[in-house]
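To start, the structure itself, in C-alpha cells.
Protein chains in written order, with the working numbering: chain W, 1 to 167; chain P, 1 to 422.
Set out below in C-alpha cells:
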C-alpha cells in the first residue's frame, strides 16, 4: 500500500473519530480535546498535500491559540457535565436529518464529475512563505485587511466590556 | 538481507537516529538536574549533591530509580483519562520539538549513506517549533484541571494565561531574524549568518548582524525578548508561577507522583534544551565558529582539545585526592578519557584521519558550547532572581516585551528594506 495513502486514512480516521467524539462526549473538556484531535489531524492532512505553511498555521492558530482559550474558559467557569433539557432532545431529532442532508449535499458536490472540488493534484498550493505573503498582500489584500479590522473591532469590544465591569 | 537494508536505509537510519537522540537527550536531561543542583548550591554557598558517587555524579541515576519505584497513587475524583494523558502530552511534545533541530552541517558517510545530524530538516522548521510550543500548553493546563485539586487548578490556569501571553512576545521577537534570513528553515537561518563583515564569524551572528552589506539592525533586543519569554514559556524561575511552591504547593503537578511527575520534569528540561538550541540557532549563529575562517585562525580549530586536555588533567588530579575509593578509581578514568580524546584531536594537526575528525566536530563543538552557555543562564537566573508576582508577570509580558519586540520588527523591516535598495 502506498504510505501516503495509509497516512491519509489514519489521519482521516482520527479526524472523523475526533469529530464524532466531540459531539458524543458529555464533558466540555473532553469535547474540546476531541476538537483538538480534529484540528491536528486536519493539519496532518494539509501537510500530506504539501501545504506545509497552512498545516503549521492550522496547528498554531486553531490547535494552539483558539483551543487553549476554549479550555481556559471551560476551566475558569468550572463547567460541569452536559445537562439534557427539552430543547436538547429537539436538537437530537431535528439535528440528525439536517446533518445527513448536509453530508449528502457535500458528498454530491465532491463526487460531481465535471465541476467537482479540485483535488490536491489540481489545486494550486503555494508552498514557500514568499508566495503566500505575496498572494496575501497583492491578490487578497482587501479581504486580509478587512479581516484585521474585524478582529480589531472584536478586541475593542472585549476592552469595552472589561472596562465596564471594573466600574 | 543487504538489499533489504539498502532499500529501507532511510527508515533504518531515521529510527536509529531517533533512538540515539532520545538516549543522548535523556542522559543530558538527567545530568542537567545534577548541574542545576550543583550550580544553585554553589550560588547559595552549599555543596549540593555529593553523596551518591564522586561529586554526586550518580545522583541522577539514584533519582531515576527512586521515581520508578515510588508508589503511584491516583487521587480520588480525578478525570482518569485526562489525568493520564497530560504527562504523556507534555513529554511527547517536548521531545518531538528536538526532531527539527539541526545539530551540524556536514553529513557522516557510512556505507555510502549520508547521515545528517538532524532527524528532519523541513523548510518550515521554525513554524514546526512554534506549533509544538502552541500545543505544549495543554500538558500543563490539562494536568492542572484533571487533578481535582484547587492548587493544581490554579497552577494550570496561571500557566495557560502565562503561556498564551508570552507566546506573543516569543513569536514577535523572532520576526526580526526571519526578515533578515528570508526563510523559516533553521539551517537557512544559520547559513545566512555566515555572511559576516571581514569574515569575522562573530560579527555575522544575528545579535550583532554586521554583514558584508553593512551593519543591519542588531537583534540584541529581539534576543532579550526571546530569551525572557522563552524562560516564561518553559515555566522556569523567575517565571515559574504555575508551580510557585510557596503559594500552590507544587502547582499543576501537585497530585502527580512517581514517574508521571518525572515525565513533567523531563518535559521541562527538554524544553530548556530546545530553547537553548533555538536561541543559539536564531541569534548566535548556530554551529558557526566566532572566529574568522582564514588560515591564520586555524589554531582555533584546536579549542576543543585545548579545553579538554587541562580539564581532563584536573579531573585526574582531583580524582587522586578524592576521599572514597570509588572516586579514586572512577574520576581518574574519566579524566584520562577526556585527556585522551583531547590529545587525539590535537594530534589531528599531524595525522590525517584524526584531522578529518577534528574538522568534523568543529560545528558540533560550537553548537554544544553555545547551548551549554544558555543552559547555564537558565540555572543562573533561577539561582539569583526572585520570582515575579502575578501582576508583574503580566505587566512584563504585555507592556514591556510585546511592545519592544514589535518595535524591533518595525526597525528591522525598515533597515532590511533600506539595505536591499541601497
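Idealized CB from N, CA, C, for every residue including glycine.
Find the nearest neighbour of residue i within the set the options, judged by alpha-carbon distance.
i                     : options                       : result
residue 58 (chain W)  : W:41, W:77, W:144 and W:70    : W:41
residue 93 (chain P)  : P:367, P:274 and P:69         : P:274
residue 257 (chain P) : P:397, P:143 and P:321        : P:143
residue 171 (chain P) : P:300, P:155, P:233 and P:188 : P:233
residue 177 (chain P) : P:134, P:226 and P:145        : P:226
residue 372 (chain P) : P:32, P:26 and P:18           : P:32
residue 102 (chain P) : P:19, P:96, P:113 and P:119   : P:119
residue 25 (chain W)  : W:93, W:82, W:87 and W:106    : W:82
residue 236 (chain P) : P:282, P:375 and P:337        : P:375
residue 164 (chain P) : P:397, P:67 and P:410         : P:397
residue 317 (chain P) : P:302, P:301, P:334 and P:304 : P:334
residue 239 (chain P) : P:383, P:324 and P:278        : P:383
residue 260 (chain P) : P:25, P:337 and P:73          : P:73
residue 133 (chain P) : P:15, P:8, P:26 and P:278     : P:278
residue 290 (chain P) : P:203, P:304 and P:223        : P:203
residue 135 (chain P) : P:97, P:149 and P:154         : P:97
residue 133 (chain W) : P:179, P:91 and P:148         : P:179
residue 346 (chain P) : P:276, P:42, P:302 and P:28   : P:302
residue 64 (chain P)  : P:30, P:321 and P:399         : P:30
residue 49 (chain W)  : W:110, W:162, W:149 and W:5   : W:5
residue 25 (chain P)  : P:56, P:154 and P:95          : P:95
residue 50 (chain P)  : P:23, P:196, P:67 and P:327   : P:327
residue 186 (chain P) : P:349, P:283, P:5 and P:23    : P:283
residue 51 (chain W)  : W:97, W:160, W:131 and W:93   : W:131
residue 96 (chain W)  : W:9, W:20 and W:162           : W:20
I'd like to know whether the C-beta atoms of residue i and residue j end up nearer to each other than 9 Å.
i                     : j                     : result
residue 200 (chain P) : residue 220 (chain P) : no
residue 152 (chain P) : residue 68 (chain W)  : no
residue 158 (chain P) : residue 89 (chain P)  : no
residue 62 (chain P)  : residue 231 (chain P) : no
residue 175 (chain P) : residue 408 (chain P) : yes
residue 288 (chain P) : residue 193 (chain P) : yes
residue 312 (chain P) : residue 339 (chain P) : yes
residue 198 (chain P) : residue 292 (chain P) : yes
residue 228 (chain P) : residue 131 (chain P) : no
residue 116 (chain P) : residue 122 (chain P) : no
residue 205 (chain P) : residue 285 (chain P) : yes
residue 378 (chain P) : residue 272 (chain P) : yes
residue 105 (chain P) : residue 363 (chain P) : yes
residue 86 (chain P)  : residue 146 (chain P) : yes
residue 156 (chain P) : residue 252 (chain P) : yes
residue 281 (chain P) : residue 361 (chain P) : no
residue 54 (chain P)  : residue 298 (chain P) : no
residue 412 (chain P) : residue 222 (chain P) : yes
residue 37 (chain P)  : residue 59 (chain P)  : yes
residue 166 (chain P) : residue 401 (chain P) : yes
residue 55 (chain W)  : residue 64 (chain W)  : no
Return the first residue and the last residue of the alpha helix (DSSP H) that residue i is part of.
i                     : result
residue 11 (chain P)  : 9-43
residue 364 (chain P) : 352-384
residue 391 (chain P) : 390-395
residue 64 (chain P)  : 59-69
residue 200 (chain P) : Segment: none, residue 200 (chain P) is in no alpha helix (DSSP H) and carries neither H nor E.
residue 80 (chain P)  : 80-97
residue 270 (chain P) : 258-283
residue 175 (chain W) : Chain W is shown from 1 up to 167; residue 175 (chain W) falls before or after that span and cannot be answered.
residue 424 (chain P) : Beyond the ends of chain P as shown, which are 1 and 422, falls residue 424 (chain P); an answer cannot be given.
residue 419 (chain P) : 402-421
residue 329 (chain P) : 325-346
residue 226 (chain P) : 220-233
residue 101 (chain P) : Here residue 101 (chain P) belongs to no alpha helix (DSSP H), and DSSP marks it neither H nor E.
residue 186 (chain P) : 186-192
Does the beta carbon of residue i fall short of 8 Å from some heavy atom of the ligand ZN?
i                     : result
residue 386 (chain P) : The ligand ZN is not among the ligands present in this structure, which contains no ligands whatsoever.
Tell me the start and end of each unbroken alpha helix (DSSP H) in the region 107-165 of chain P that is at least 4 residues and wholly inside, in chain order. 125-135 and 137-146
Under 8 Å, with one C-beta from each stretch per pair, do the region 390-401 of chain P and the region 122-134 of chain P reach the 3-pair mark? no
Say whether the region 5-14 of chain W touches the region 36-54 of chain W, bearing in mind that this needs 3 or more beta-carbon pairs closer than 8 Å, one atom from each stretch. yes
Touching or not, the region 254-270 of chain P and the region 357-367 of chain P, by the rule of three or more beta carbon pairs under 8 Å? no
Length-filtered (4 minimum) alpha helix (DSSP H) runs lying within the region 40-98 of chain W: 52-57 and 67-77
Taking Cβ-Cβ distances below 7 Å as the criterion, which residues of the region 71-105 of chain W are in contact with chain C? Going by chain labels, chain C is absent from the structure shown, which instead holds the protein chains W and P.
Taking 8 Å as the cut-off, does the region 17-32 of chain W touch the region 67-81 of chain W (at least 3 CB pairs, one atom from each stretch)? yes
With a threshold of 8 Å, are at least 3 pairs of Cβ atoms found where one atom belongs to the region 339-354 of chain P and the other to the region 291-309 of chain P? yes
Okay, do the region 142-154 of chain W and the region 76-89 of chain P touch, 3+ Cβ pairs below 8 Å being the bar? no
Give, in chain order, every unbroken run of the beta strand (DSSP E) that is at least 3 residues long and sits entirely within the region 125-152 of chain W. none
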